[in-house]
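Here the structure is laid out as structure tokens; the discussion comes afterwards.
In our numbering, the protein residues as written are 1053 to 1128.
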């Protein structure tokens, strides 16, 4: 039963971390849309929101040395 609790905790942590990443990306995309509202074509807007969708659908994202999440440690 303890392994089930560990697995549930791991799954919840993974879900929370991925949701935080996707939320931050969505906030960045929304801010870019507000700043460049008239300059962005619909094709670019669609492409930016596709990045958010891809982040939500992909279970693992590639690691990068240049990331906002390197500044904040989400691990307990």
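C-beta: ideal position from N, C-alpha, C; glycine also.
Here the structure is a predicted model, which means the values were calculated and not measured.
I think residue i touches residue j, with their Cβ atoms under 8 Å apart; what is that distance to the nearest whole Å?
i: residue 1107; j: residue 1077; result: 5 Å
i: residue 1074; j: residue 1112; result: The Cβ separation is near 13 Å, so there is no contact.
To the nearest angstrom, how far is it from the Cα of residue i to the Cα of residue j?
i: residue 1062; j: residue 1068; result: 10 Å
i: residue 1079; j: residue 1056; result: 34 Å
i: residue 1084; j: residue 1095; result: 14 Å
i: residue 1058; j: residue 1090; result: 49 Å
Smallest Cα separation from residue i: which of the options?
i: residue 1099; options: 1056, 1072, 1081; result: 1081
i: residue 1115; options: 1060, 1058, 1070; result: 1070
Leaving out five residues on either side along the sequence, give the residues of the same chain with a beta carbon under 7 Å from the beta carbon of residue i.
i: residue 1101; result: 1081
Between which residues of its own chain and residue i is the CB-CB distance below 6 Å, once the five residues before and five after are set aside?
i: residue 1109; result: none
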